[in-house]
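J.: Could you have a look at this structure, given as structure tokens, before my questions?
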Amino acid sequence: MAFKLPELPYKKDALEPYISARTFEFHYGKHHQAYVNNLNNLVIGTPFENATLETIVKESDGGIYNNGAQVWNHTFYFIQFLPEGCNEPKDELKKAIEKSFDSYVKFKDEFSKAAATLFGSGWAWLVKNEAGELEIVQTTNAGNPLRDGKKPLLTCDVWEHAYYLDKQNARPKYIEDFWKIIDWKVISKRFEE
Ligand code: MN
């Protein structure tokens with residue numbers, strides 16, 4: 018079973034002006050595709066040849082883990098965007114955010130800080146822990162919270178390839194724009210599953 022680049026419900030320029038078509042072309046078309054290609058080559062002849070991506074993320078190591086987790090993380094990242102404009106968390110997810118962080122505004126500040134202060138390459142995440150509570154976590158490189166028994170709900174890719182063409186070194190500007198294209202309906206669905 019070969020892994021594939023996911024199909025996305027929007028066009029390459031749909032996230033402009035927040036994420037340009039050029040960044041999207043490189044990030045999705047080159048980086049994400051390269052992780053898919055590497056993974057397909059690396060699993061040949063290993064116990065992971067017919068494994069699901071989630072099993073690879075939870076159980077593999079080395080190059081298979083790095084490329085497999087990057088495929089999972091990028092698919093999760095690109096599918097959470099809504100080109101038509103922003104919305105905000107509602108209903109049960111809104112209540113859970115307010116329970117853990119006081120308010121949506123405070124949650125956004127805390128998440129943005131986690132994304133901005135992550136040293137080097139990695140990901141900032143909103144996760145649901147085993148007790149069902151929300152937490153913000155940082156992972157470095159290809160790291161994925163599934164490894165720690167946490168359910169990812171939202172993620173921000175802070176590898177420089179996610180923003181350098183548009184924002185150069187201004188990671189905080191990329192994070193500010195990130196909030197404008199989140200589809201909270203997708204995040205709610207992940208929370209309720
Ligand atoms: Mn990336």
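According to our numbering, numbering within the sequence shown proceeds without interruption in unit steps and concludes at 210.
Even for Gly, the Cβ is constructed at its ideal location relative to N, Cα and C.
(1) To which residues of the same chain is residue 114 closer than 7 Å at the C-beta, ignoring the five residues directly before and after it?
(2) Compute the minimum distance between the beta carbon of residue 176 and the heavy atoms of the ligand MN, and state whether it is under 6 Å.
(3) Compute the minimum distance between the beta carbon of residue 132 and the heavy atoms of the ligand MN, and state whether it is under 6 Å.
(4) Taking contact to mean 3 or more Cβ pairs, one atom from each stretch, closer than 8 Å, check whether the region 149 to 165 and the region 77 to 95 are in contact.
(5) Using only the alpha-carbon positions, how far apart do residue 204 and residue 26 sit?
(6) How should residue 84 be labelled, buried or exposed, when 16 other C-beta atoms within 10 angstroms of its C-beta is the threshold for buried?
(7) Take residue 110 and list the residues in its own chain whose beta-carbon comes closer than 6 Å to its own, dropping the five residues that flank it on each side.
(8) On the criterion of 16 or more Cβ atoms from any shown chain inside 10 Å, does residue 97 qualify as buried, or is it exposed?
(9) Could you tell me which uninterrupted alpha helix (DSSP H) segments, each at least 4 residues in length, are contained entirely in the region 136 to 195, listed from first to last along the chain?
T.: Reading from the atomic positions:
(1) Taking the sequence shown and counting its residues from 1, the one referred to as residue 114 is at position 97. Excluding positions up to five away in sequence, the list reads 106, 121, 124, 151.
(2) By one-based count along the sequence shown, residue 176 stands at place 159. Yes.
(3) What you label residue 132 is simply residue 115 of the sequence shown in a count that begins at 1. Outside the cutoff, so no.
(4) yes
(5) For the purposes of this step, residue 204 is taken as the residue at position 187 of the sequence shown. For the purposes of this step, residue 26 is taken as the residue at position 9 of the sequence shown. About 16 Å.
(6) Residue mapping note: residue 84 aligns to position 67 of the sequence shown, counting from 1. Counting Cβ neighbours within 10 Å, residue 84 comes out buried, since at least 16 surround it.
(7) The residue given as residue 110 occupies position 93 in the sequence shown. Only 205, 208 meet the Cβ criterion.
(8) Mapped onto the sequence shown, residue 97 falls at position 80. That one is buried.
(9) 181 to 184, 188 to 195
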